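Per this note's numbering, residue 1 is the first one in the sequence shown, and the count goes up by one each step. Quick reminder that beta carbons are idealized off the backbone N, C-alpha and C, glycines included. For clarity, every value in this text was computed on a predicted model and none was experimentally measured. Beneath this line is the structure, given in structure tokens, with notes to follow.
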Amino acid sequence: MLRPWRTATVVLTVATLMLGVVVAVQAAMLHARGWRIALGSVPEWLAAFGTFAAFGALLIAAREWRAGQDERRSLEDERRAADAERRALAATREAERQDNEVSQARLIIVEHVPYEDRTWGGSDPPPPSQRQVVIRNRSTAPVFHLHIEDHPSGNDDVYVFQNFAHARGRPADIPVLAADDATAAITVAGNAGEAPSTEYVEFTFTDARGTNWRRIGSNQPVRLIGD
């Protein structure tokens with residue numbers, strides 16, 4: 001199949017030849033009847049033909065340039081669309097990967113201890129400034145190296161401790177917290193303000209994939225890089 005410019009060239013050539021034939025036939029007929037037409041010299045004919053051919057070639061070149069521009073714009077639009085689609089797909093996959101990574105960490109939560117289950121280490125009724133909570137593993141896999149901070153970040157007025165047999169102290173680290181299991185009750189004491197006491201518990205742990213996390217209350221878990 002011929003390219004458009006080749007087709008146009010062939011058509012232009014044929015038209016030129018046909019025009020030349022018509023002119024020649026008309027000139028012969030007029031000459032036979034005694035008419036004399038100033039047909040011009042050979043150089044003039046060549047110049048006229050060159051002008052006509054140059055105009056045709058310019059027209060063909062302009063059409064080819066425009067077609068090339070349209071094709072380049074179309075290819076560029078397709079490339080940009082493909083790049084945008086690849087970026088969107090990569091972003092979706094990255095979001096899915098991050099969501100899968102944090103799925104277990106979201107299920108390690110702080111819960112209030114039901115009133116009937118509370119232990120106050122001999123303090124009955126409990127002081128108004130103290131509330132008991134637990135950290136529970138609501139996932140289907142264990143977590144490891146659970147560590148509870150005795151002072152949450154940015155709030156030295158709040159103290160988190162655990163009641164032991166004869167004393168109280170900072171919460172004990174837990175090597176393994178099994179699925180659907182909870183820590184022993186820990187106490188949140190101090191000027192916690194109006195926020196629930198669960199929001200002042202800060203802890204770190206390692207999930208089943210070996211990723212380390214930090215979480216404060218019900219805030220989203222934060223992955224610890226390099227730990």
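- DSSP, read as helix, strand or coil, puts isoleucine 109 in strand.
- Out of Phe55, Gln104, Ser74, His151, the CA that lies nearest to the CA of isoleucine 216 is found in His151.
- In this structure, DSSP gives leucine 146 an extended state, which the three-state scheme calls strand.
- About 19 Å separates the CB atoms of valine 160 and proline 175; that is not less than 8 Å, and the two are not in contact.
- In the three-state reduction of the DSSP assignment, isoleucine 225 falls in the coil class.
- According to the DSSP secondary-structure assignment, phenylalanine 161 is paired through a beta bridge with Thr187.
- In the structure shown, threonine 51 adopts helical secondary structure according to DSSP, grouped into three states.
- In the DSSP assignment, arginine 214 falls within the unbroken beta strand (DSSP E) covering 212-216.
- Considering only Ala182, His147, Ile186, Gly154, the residue with the shortest C-alpha distance to asparagine 163 is Ile186.
- By the Cβ criterion, the stretch 195-210 is in contact with the stretch 132-139, since at least three pairs of Cβ atoms, one from each stretch, lie closer than 8 Å.
- Within the DSSP secondary-structure output, valine 133 pairs in a beta bridge with His112, Ile186.
- Taking C-beta atoms under 8 Å as the contact rule, asparagine 155 and isoleucine 108 fail to qualify, at a distance of about 21 Å.
- When C-alpha distances from aspartate 180 are compared across Arg209, Ser74, Ser139, the shortest belongs to Ser139.
- Inter-residue distance for arginine 214 and leucine 89 is about 29 Å (C-alpha atoms, whole angstroms).
- With a cutoff of 9 Å on beta-carbon distance, phenylalanine 205 and histidine 145 are scored as near each other.
- Under DSSP, isoleucine 174 shares a beta bridge with Leu146.
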